[in-house]
Every structure is written in structure tokens, then in C-alpha cells.
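Under our numbering, the residues of the sequence shown are numbered 1 to 253, in order.
See structure below.
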Amino acid sequence: MSNEGTSGGGGERVCVIGRTGEALPCYDGTFGWFNDVDDCYYMLLDPQPPGDDPLWEGNYPSGAMYQVTCMDRIPGTNGGWTWLPEAPPGYGGVAITPAQLAARAVDQMHLAGPTIGITVPPDRTGLVGVPVWLWTEVAPTTWGPNSATAAVPGLSVTATAQVRQIAWDMGDGRTEVCTNAGTPWFEGGVESPTCDHVYEAPSVGQPDDAYTVTATSTWEVTWAGGGTSGALTVTRSSTTPVRIGELQVLVTN
Numbered sequence: 001m002s003n004e005g006t007s008g009g010g011g012e013r014v015c016v017i018g019r020t021g022e023a024l025p026c027y028d029g030t031f032g033w034f035n036d037v038d039d040c041y042y043m044l045l046d047p048q049p050p051g052d053d054p055l056w057e058g059n060y061p062s063g064a065m066y067q068v069t070c071m072d073r074i075p076g077t078n079g080g081w082t083w084l085p086e087a088p089p090g091y092g093g094v095a096i097t098p099a100q101l102a103a104r105a106v107d108q109m110h111l112a113g114p115t116i117g118i119t120v121p122p123d124r125t126g127l128v129g130v131p132v133w134l135w136t137e138v139a140p141t142t143w144g145p146n147s148a149t150a151a152v153p154g155l156s157v158t159a160t161a162q163v164r165q166i167a168w169d170m171g172d173g174r175t176e177v178c179t180n181a182g183t184p185w186f187e188g189g190v191e192s193p194t195c196d197h198v199y200e201a202p203s204v205g206q207p208d209d210a211y212t213v214t215a216t217s218t219w220e221v222t223w224a225g226g227g228t229s230g231a232l233t234v235t236r237s238s239t240t241p242v243r244i245g246e247l248q249v250l251v252t253n
């Protein structure tokens, strides 16, 4: 058996072939990672064979297919392709699946909740019956698209994220679901919103006399790598207070 994890010149990790004592790199860019159980290198096939390929021996989609190159074999027995239920000992230092790498890629994107834009900012008071415009800044971290790649030796996964919708919980028991980023309001801009809410009651009596608006983005993430692909959904939220009053009409004789 070899001893993995020793260091050669320059600090490079080296492994040792059990029978001969020959030192060699624990990772080779052509052959993959060295397995000290059988003195063979393993490289994850990328792309993986189709799911109906006989090489899977009925195991698809569990596990993965690897190219095997053995260093201590007689001619004619030098590895080939093989299916394994999980990464072999020593592979990448820590076994990791494409789905786990996809999660790492999502973390690298720093996806955030909406950068809330609203026609009633915290220092103002809106009115019952008047539409409140809702929007978010359109940026890679707040709306998308956003892409990132996570990798370990022998395997990389690229993920792309895009907001599908924003659910605006307006704090009054109602929620507006908008599939667009909303329309920012500014003087002289468009006359009607693409995402809005109309309050039917003032916020007096709520905590701090304000409704708490919670905007939750639903991000759709697709990923591919290691001969496979998948999708996942993540959510991110932001909050802001909104004060709503009633227009008082003074009648005089």
C-alpha cells in the first residue's frame, strides 16, 4: 500500500506505489487522483456516458464513471472505465458531487434579496387608496442573470441564476406576486407601475405605526458539469417599513 500525503521538492504532495516504492504525484492533470488502495489513478469522465450506456451496468444515475489508469500492473490489465458508487479514496482529497459543487457556485454569486424601491420610503407617509409602486434594482445580485463556476481537480460545475418572481408581503395580510422587477418611479417617468399595491387601511396601530413590507425573490438556478445537470431554487428576502395614513378633509362653513 502506498503512503499518500508526503511532500516532495517545493511542497508538492506525492504518493508512493506500494510494490516498488516509487514516488509519484498524488494528482496528475492527465490521469486524475491517485488511489492508494489499488495504486491506480482515477479521473471522473466529463462528460459522463449517456444514461442508457451499458457501461453503467444499470446503476445510472447513482455514482459516476471514472477513467482508471494503474501504475503497478502487468500489460493488459492497466485499468479502463469503471463505475463507482462514490469517489474513490484520495479523490480530490474530499469526495464531492456535481450538485454539491453547484451549491458552492451559488454561494459565490452572493445572491441577495431585492434592493427595495418604493414610492413611500421610511421618511414619508403614503395614503390609503393610492397605489404604492414596488420595484427592485436590476443587478446581477438582485435580479440576474448571475453565473459562477466552482471546481475541484477533475470536476467543475457552472451555475446560472435568474429571479423568477418577487413576492411582496405588504404587511396588511395581502401579498403581491410580480414576475417583473417593477418600474422605478421618478418625476416625469412612466405614468403607471408594473408592480404595485393599494392599502385599504392606515398603518396606525401596527408596530411603530408602520406596515412591514417583506420582499422575497425566488431564484431559479440551473447548473451543468461532470456530465450531468440539474436545477434548484433559492429564496432571498429584504424588508422595509411603510407608513400609511388617511387623507383628512376639513369642511368649513
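Don't be surprised by glycine CBs; every beta carbon is placed ideally from N, CA and C.
This one's a predicted model, so the numbers in the text were calculated from it and none came from an experiment.
query	result
C-alpha distance - Ala95 paired with Val152, whole-angstrom precision	Per-residue confidence for Ala95 stands at a pLDDT of 48, beneath the threshold of 50, marking its modelled position as unreliable; no derived number is given.
From Asp38, Pro85 and Pro50, residue whose alpha carbon lies closest to that of Thr69	Asp38
DSSP state of Met43 mapped onto helix, strand, coil	strand
Beta-carbon spacing of Val106, Ala148 below 9 Å	yes
Of the residues Trp168, Gly230 and Thr240, the one placed nearest Thr97, counting alpha carbons only	Gly230
8 Å Cβ shell around Tyr211 - same chain, five flanking residues per side excluded	Met170, Gly171, Asp172, Tyr199, Ser203, Pro241, Val242, Arg243 and Ile244
Buried or exposed (CB count within 10 angstroms, at least 16 for buried), Val130	exposed
Three CB pairs or more closer than 8 Å across the region 153-169 and the region 218-227	yes
Endpoints, beta strand (DSSP E) assigned at Pro98	No beta strand (DSSP E) holds Pro98; the alpha helix (DSSP H) holding it covers Pro98 to Met109.
Within 9 Å, strictly: CB atoms of Thr136 and Pro114	yes
Reduced DSSP category for Ser238 - H, G, I as helix; E, B as strand; rest coil	strand
Contained beta strand (DSSP E) runs [length at least 3] in the region 144-220, N- to C-terminal order	146-152, 155-169 and 175-178
Host beta strand (DSSP E) of Pro254 (start-end)	Since the first and last residues shown for the chain are 1 and 253, residue 254 lies out of range.
Where Leu55 falls: helix, strand or coil (DSSP)	helix
Alpha-carbon to alpha-carbon, Thr141 and Ala215	15 Å
Own chain, CB closer than 6 Å to Ile116, minus 5 neighbours either side, in chain order	Ala215, Ser238 and Thr240
Rounded straight-line distance, which links the Cα of Thr194 to that of Thr119	13 Å
Contacting residues, own chain, Cβ-Cβ under 7 Å from Pro49 (five flanking each side not counted)	Leu55, Trp56 and Met65
Chain-order list of residues whose beta-carbon lies under 7 Å from that of Gly76 (same chain, five-residue window excluded)	Only weak support is given to the placement of Gly76: the predicted model assigns it a pLDDT of 47, under 50, and the value that follows is read from those uncertain coordinates. Cβ neighbours of Gly76 beyond the five flanking positions: none.
Sub-9 Å separation of Trp83 and Gly63 beta-carbons	yes
Coarse secondary structure for Thr125, derived from DSSP in three states	strand
Contact belief for Trp143 with Ala181 at Cβ below 8 Å, rounded distance in angstroms	5 Å
Best match in Ser217, Arg164 and Cys40 for proximity to Gly79 [C-alpha to C-alpha]	Cys40
Rounded C-alpha distance that separates Thr235 from Thr20	54 Å
Residue environment, Gly126, which counts as buried when at least 16 other CB atoms sit within 10 Å	buried
Residue range of the unbroken beta strand (DSSP E) whose run includes Ala64	Ala64 to Cys70
Cβ neighbours of Leu111 in the same chain (closer than 7 Å, five flanking residues each side left out)	Thr141, Asn146, Ala161, Trp219, Val234 and Arg236
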